[in-house]
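Just below is one structure, and these are the notes that go with it.
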Amino acid sequence: MYINWALNEINLKVVYYGPGLSGKTTNLIYIHKKLDPSLRGELITLSTKEDRTLFFDFMQLEIGKINGKVPKFNLYTVPGQVYYANSRKIILNGADGIVFVADSQKERIDENLDTLLDLENNLIEIGTSLEKFPWVLQYNKRDLPSAASLDVLDKKLNFLGVPSFESVAHKGVGVFPTLKELIKNIIAHIRVPA
Amino acid sequence: MNAEKGGNGQSFTLSGEMYKDVAEVLSDLASKTRAKSIIFADINGHPITQRGRASDIDIPNMTALAAGDFAATVEMSKMVGETQRFKYLYHEGEKTNIYLSSVADNFLVIIIFDTDIALGMIRIYTKRTIDRLEKILELAKAETKQSSEFIDLKFTKYLDQELDKAFDF
């Protein structure tokens, strides 16, 4: 977080975290596509030749003035592949809130859990934890036939009872409600830290 | 500036006075080096201010990439047994060069300049600029404004409706 009192600006960092191919970049692409260009910057994607995230994606978004103050949100994704553990740590540094994008498919539940534990370890390294940090869960790919039930996903992944959302990111379902809830959580956390 | 505890300890605030001082130091560097653009950002890539004559550079994107660039080399320096992070990075292009340097561990200065400007000159003036910036940042540590002062009740109240407006499709 960075606050500039001279310009009445607050800059916050939001990170989309989750296993490979869960739909983190897809969330950003949809936000970029739907938002009025006056509210967002260009989307940067640092990808491999196969279109997998190599380092991160980035986009800045603004939502207009609030009581004379300008909040700016810097949205990042991390690379999901296990191989890029160091890159995830780098991107997580300085984050103010996290959207954990889980893949709803039954066969990917363990990968979701492994990535959640990877997130917890990285949070501990920067002096916080999943209990103290503002984050929300997004169950993506709800349209796939092999999607696990919400009950199963909640039991496996949402053991801390954070806000959770169903999504089909490529169609935009659940994308903005997830981001909105996270932003509200971040702001509440700044006012009253956990 | 005030590095606050809690969260991941990375937040800071910048007062109006300090912002003015930083901007003045960067303007000085811009006029001495004739650099296209001089950008000051925090180590997490949040842009703070920019000076110079280039208006076509996307500043938030540039600072996000520069912070990623820098952070990657910090990890690389650890891998080769360096105890300190690399002090600067230099990218040489056909027409334009980019010089990045860390400032007081938590900030970055990015200098974008034409290739006909000597790197030596950029390095000397940037070093002096960093010394000045570090003094300003050191003095500012005494300030005690908390981020919770910025996010007051009114802000929280109106946030919801602004989010609805922006995300209304």
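Residue numbers (the numbering used here), protein chains in the order written: chain A, 1 to 194; chain B, 1001 to 1169.
Even for Gly, the Cβ is constructed at its ideal location relative to N, Cα and C.
- Straight-line spacing of the CA atoms in residue 1122 (chain B) and residue 1112 (chain B) works out to 10 Å.
- Residue pairing of residue 1098 (chain B) in beta bridges, as defined by DSSP: B:1091 and B:1112.
- Counting only residues of its own chain and dropping the five nearest sequence neighbours on each side, residue 48 (chain A) has a CB closer than 6 Å to the CB of 54.
- In this structure, residue 96 (chain A) lies near residue 14 (chain A), with their beta-carbon atoms less than 8 Å apart.
- Listed in chain order, the non-local C-beta contacts of residue 175 (chain A) below 7 Å within the same chain comprise 27, 30, 31, 167 and 169, local neighbours out to five positions each way being set aside.
- Per the C-alpha coordinates, the member of B:1061, B:1046 and B:1035 positioned closest to residue 1013 (chain B) is B:1046.
- For residue 79 (chain A), the secondary structure class from DSSP, reduced to helix, strand or coil, is coil.
- Taking a cut-off of 8 Å on C-beta distances, the segment 62-77 of chain A touches the segment 5-14 of chain A, as three or more cross pairs fall below it.
- The C-alpha of residue 135 (chain A) is placed about 18 Å away from the C-alpha of residue 90 (chain A).
- Nearest Cα to residue 162 (chain A) within the set A:33, A:99 and A:40: A:99.
- The C-beta of residue 1 (chain A) has 16 or more other C-beta atoms within 10 Å across all chains shown, which makes the residue buried.
- Residue burial is scored here from C-beta neighbours: residue 111 (chain A) has at least 16 other C-beta atoms within 10 angstroms and is therefore classed as buried.
- Among the bridge pairs identified by DSSP, residue 18 (chain A) is matched with none.
- Residue pairing by DSSP places residue 1103 (chain B) opposite B:1107 in a beta bridge.
- As the crow flies, the alpha-carbon of residue 1128 (chain B) is around 20 Å from that of residue 1114 (chain B).
- At least 8 Å separates the beta-carbon of residue 75 (chain A) from that of residue 92 (chain A).
- Listed in chain order, the non-local C-beta contacts of residue 23 (chain A) below 6 Å within the same chain comprise 101, 140 and 169, local neighbours out to five positions each way being set aside.
- Contact annotation: the segment 1145-1158 of chain B touches the segment 182-191 of chain A, with at least three C-beta pairs closer than 8 Å.
- Taking 4 residues as the minimum length, the alpha helix (DSSP H) runs contained wholly in the segment 72-140 of chain A are 85-92 and 109-125, in order along the chain.
- Boundaries of the alpha helix (DSSP H) harbouring residue 191 (chain A): 175-191, taken from the DSSP string.
- Here the segment 1024-1034 of chain B makes no contact with the segment 1091-1106 of chain B; the two share fewer than three CB pairs at distances below 8 Å.
- Following the DSSP letters along the chain, one finds residue 1047 (chain B) inside the beta strand (DSSP E) bounded by residues 1047-1052.
- For the pair residue 1025 (chain B) and residue 1137 (chain B), the CB atoms are not nearer than the 8 Å cut-off.
- Think of a sphere of 7 Å around the beta carbon of residue 13 (chain A): the chain B residues whose beta carbon falls inside it are 1044, in chain order.
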